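Single-structure report; data block below.
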Amino acid sequence: MSPSVCLQEMIRVIRGARTQGEERGVIQRECAAIRAQFRQADSGGRSHNLAKLLYVHMLGYPAHFGQMECVRLIASSKYSEKRIGYLGAMMLLDEKQDASLLITNSIKNDLSHSSQHVQSLALCTLACMGSAEMCRDLAPEIERLLKASNSYIKKKAALCAVHIVRKIPELGEMFTPSAHSLLSEKNHGVLHGAVILITELCERNPDNLKQFRKSVPELVQIMKNLVTSGYSPEHNVAGISDPFLQVRILRLLRILGRNNDAASDAMNDLLAQVATNTDSSKTAGSAVLYETVLTIMDIRSESGLRVLAVNILGRFLLNNDRNIRYISMTSLQKIVQTDHTAVQRHRGTIVDCLKDQDASVKRRALELSLALVSAANIRSMMKELLLFLSTCPPELRSHAASGIFNAAGGDVRDETVPNLIQLITAASELHCYTVHKLYRALISDIVQQSLVQVACWCIGEYGDLLLKGECEEITPMQVTEDDVLDALETVLQSHMSTPTSRGFALTAIMKLSTRITNNVDRIRSVVSIYGSCIDVELQQRAVEYNALFKKYDHMRYFTMSYCTVILEFGCRSRLSLVLGY
Amino acid sequence: MEWVGSPKINQLWWDSSLWGRELKLNTCERSHLYCARVKISLTAVYSGTVRTYQDNMQFMLLFSRQGKLRLQKWYVALSDTQKKKISREVIQMVLARKPKMCSFLEWRDLKIVYKRYASLYFCCAVEDQENELITLEIIHRYVELLDKYFGSVCELDIIFNFEKAYYILDEFILGGEAQETSKKIVLKAIEQADMLQEEAEAPRSVLEEIGLT
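Line by line, the protein sequences are chains H and E. Count along the first sequence from 1, add 3, and you get the number used in this note's numbering. Count along the second sequence from 1, add 25, and you get the number used in this note's numbering.
Rendered as structure tokens:
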């Protein structure tokens, strides 16, 4: 194959390779040829060779020997060579490479080139991979270009300035005056860039916030023009005039209106107008509506406007499009603390989303459902959440389980405890995580009886996992046998514990006798003490356990070992007594 | 690779106004602490406004249904190995999605917005605060531009003219943000740039033909 084969031919040959080895062979030959060409002082096909190298690089092969060629091509006077050179620089060089500094001078020269397309190449490269040093060097040039007459260049310079501000926030001061004047431009591209620049400046420095708040009326006017203007073929997307610019302006208004009554008042009418008039049948309209809702919820808006926003989100929840349902739940999550009652109205739909096929939607629905659990709806919510836990994908299980434990608190009905225990037994990979979490909950607080009961049962059943101290999902505490027994005895002795909870604790202590090694005597003594307890139930259990220790020690292991099967909780049988109920 | 002991990071660590603030370190790769590529996202409190500094669009990937990368544009500085690892992870995640699922994925602290057009997946990674729906519109706009330029674009067009696909992308998105919202203007700019390129290349080939070079 001759070394000067064109790019498309090379691609064809590479794609024709039948095996990985064949492909590698072709590429090695090509790279050798390209390398030889690069070494030659002047060859006609320089840009083609670099293009070939970039293709090879995209396939995943090393191409660092092309870096210097990029630098050389960028410095060339021919546009075609500059174009591929800059592309190569963006693909092969990044700010970490030393060679990237070498192109700073070329960029500087090209920023003042007579052709706007060359200027554009330089601006694009700077905004894509400009390091902090390069940005510092070239910032004055960018500032000059922001005031240049050509809107094509201005819009790119604005985004370059954004990149510079992100790299070196202190340089933001340099761009503040120009940013302000850019708002009076008519060109949408320039406006878009200007709004992004102002957003960036405001987010980095609160002094800028104060200054740009004065521009709120101007921004409101621009937005009004966009919304009320007639059909503009150039900017129309599905009936919305320039949704990209609208979304950007709304975001800037959000930042300016936050925590500021005056600014929020000034934009109130506009937000109401956009919220009611935007057609959300297509994604573009929904995007604008979504941003409007986010803005309304974040600024100091009137209550009527807030209600409108939550209703829009509620409408989104019922949308057929999964994407819309997803984003509506994301936004409801943000406001569930502040506007709890409003979000509660949509609880039914949210709980339905728990059954959605899509894992992303499920996750959002879970988060939101957990946040919506309250004393009033605890029973129905628990039912739904437990159902979810039994069918949910594995990556969500630990999150769901911990959420349920926290929510379960003290308000659960008694059936929930056995149901939950049944589920825990089924989720074997969760045992370690569960017992650690419950142990932590138990030692911090023993008021909530259901939680105490479940915790005692788990500690009795999986105490060895707790004592081993290894857990993948969370950093485990180091727990000694004494710690565990102390915790269980605290439950036994506390006057806050109900008799049921005491029963759980006693059985758990007994079960631990087969799972721990050092403190069996302590267990024996606890059990014998309760043999003369006033509580009949507790006394009965203690006497039985005592008997297990004394006469039926050989059966102790059998009766106290792991239950892999949980029976239905009908009437209380002897077996269910042994298992701990 | 940036060493954790570098002056910039040391400065941040010792800046007492930051003590007690939430300092979040994102490691792009799991490596030993002393040679991890650390991108610091700083949560600083300025009299009430809290802000995390992160770039907007982090990267855009185009890949086929078999997971072959057709275009990758990165707006953050990462090493080649990191880019490869991230691409592989994201591609695997997106390819595992079923057809009717929603277009948004949560991955690390970013959102992945993706859409499939014929045999190609278009995939963007944006920061968590971004409006996902408008990102979908941005992807759609890029596809429209490609379609207009190539005339009913297909995957092969992007394979054999990959550099043109990049040029079009660079004329639409700059530094991770959309630079021009009018389709017409973007296409006109590309047309003019292409003409410039032809003019630059033409004389040379003529001379070569005659044999004077």
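Here a beta-carbon is modelled for each residue, glycine too, at the ideal position from N, C-alpha and C. Being a predicted model, the structure only gives us computed values, none of them experimental.
| query | result |
| --- | --- |
| Under 9 Å from the C-beta of residue 131 of chain H: neighbouring residues of chain E | 98, 99, 100, 195, 199, 200 and 201 |
| Assigned exposure category for residue 244 of chain H - 16 Cβ within 10 Å defines buried | buried |
| Under 8 Å (Cβ pairs) to chain E, residues found in the stretch 228 to 248 of chain H | 237, 238, 240, 245, 246, 247 and 248 |
| Alpha-carbon to alpha-carbon, residue 85 of chain E and residue 630 of chain H | There is simply no residue 630 of chain H to check, as chain H begins at 4 and stops at 584 in what is shown. |
| Interface partners of residue 176 of chain H on chain E, CB under 8 Å | Simply none; closest approach about 15 Å. |
| First and last residue of the uninterrupted beta strand (DSSP E) at residue 103 of chain E | Note, residue 103 of chain E: premise wrong, no beta strand (DSSP E); not H, not E. |
| Beta-carbon contacts of residue 137 of chain H that lie in its chain and below 6 Å, excluding the five residues immediately before and after | 107 |
| For residue 95 of chain E, the three-state DSSP class (helix, strand or coil) | strand |
| Chain E contacts from the stretch 311 to 326 of chain H (Cβ-Cβ distance under 7 Å) | 325 and 326 |
| Cβ-Cβ distance between residue 185 of chain H and residue 161 of chain H below 9 Å | yes |
| C-alpha gap between residue 262 of chain H and residue 268 of chain H, whole angstroms | 11 Å |
| Among H:544, H:521 and H:265, nearest to residue 507 of chain H - alpha-carbon criterion | H:544 |
| Contact list for residue 588 of chain H against chain E, beta-carbon separation under 8 Å | Chain H is shown from 4 up to 584; residue 588 of chain H falls before or after that span and cannot be answered. |
| Coil, strand or helix - residue 300 of chain H by DSSP | helix |
| Residue 66 of chain E to residue 98 of chain H span [Cα, whole Å] | With a pLDDT of 33 at residue 66 of chain E, under the threshold of 50, the predicted position of this residue should be treated as unreliable, though the coordinate-derived value follows. For residue 66 of chain E and residue 98 of chain H, the distance between alpha carbons rounds to 18 Å. |
| Contact residues within the stretch 130 to 160 of chain E, judged by C-beta distance below 8 Å to chain H | 130, 131, 156, 157, 158 and 159 |
| Simplified DSSP assignment, three categories, for residue 211 of chain H | helix |
| Beta-ladder partner(s) of residue 139 of chain E, from DSSP | E:148 |
| Residue range of the alpha helix (DSSP H) that includes residue 177 of chain H | 175 to 185 |
| Contact set between residue 486 of chain H and chain E, taken where Cβ atoms lie within less than 9 Å | Here the premise fails: no neighbours, minimum Cβ distance about 32 Å. |
| Which listed residue (E:223, E:126, E:107 and E:212) has its alpha carbon closest to that of residue 175 of chain E | E:212 |
| Close Cβ partners of residue 499 of chain H (< 7 Å) along its chain, the five nearest in sequence each way excluded | 449 and 450 |
| Residue 270 of chain H - partner residues in DSSP beta bridges | According to DSSP, which records beta bridges pairwise, residue 270 of chain H is partnered with nothing at all. |
| Bridge-paired residues (DSSP) for residue 84 of chain E | E:99 and E:150 |
| Near-chain E residues of the stretch 193 to 218 of chain H (beta-carbon distance less than 8 Å), N- to C-terminal order | 195, 196, 199, 206, 207, 208, 209 and 212 |
| Buried or exposed (CB count within 10 angstroms, at least 16 for buried), residue 71 of chain H | exposed |
| Assigned secondary structure, residue 239 of chain H (DSSP; H/G/I helix, E/B strand, else coil) | strand |
| Residue 321 of chain H classed as buried or exposed, judged by whether at least 16 other C-beta atoms fall within 10 angstroms | exposed |
| Chain E residues whose Cβ lies nearer than 8 Å to that of residue 162 of chain H | 199, 200, 202 and 204 |
| C-alpha gap between residue 307 of chain H and residue 124 of chain E, whole angstroms | 39 Å |
| Neighbour list for residue 86 of chain H in chain E, Cβ cutoff strictly below 8 Å | 192, 218 and 222 |
| Proximity of residue 366 of chain H and residue 399 of chain H at Cβ, strictly below 9 Å | yes |
| Interface residues of chain H facing residue 128 of chain E [CB-CB closer than 7 Å] | 326 |
| Cβ contact check for the stretch 459 to 468 of chain H and the stretch 424 to 434 of chain H: 3 or more pairs under 8 Å | yes |
| Check whether residue 229 of chain H and residue 298 of chain H have beta carbons under 9 Å apart | no |
| Chain E within 9 Å of residue 366 of chain H, Cβ atoms only | yes |
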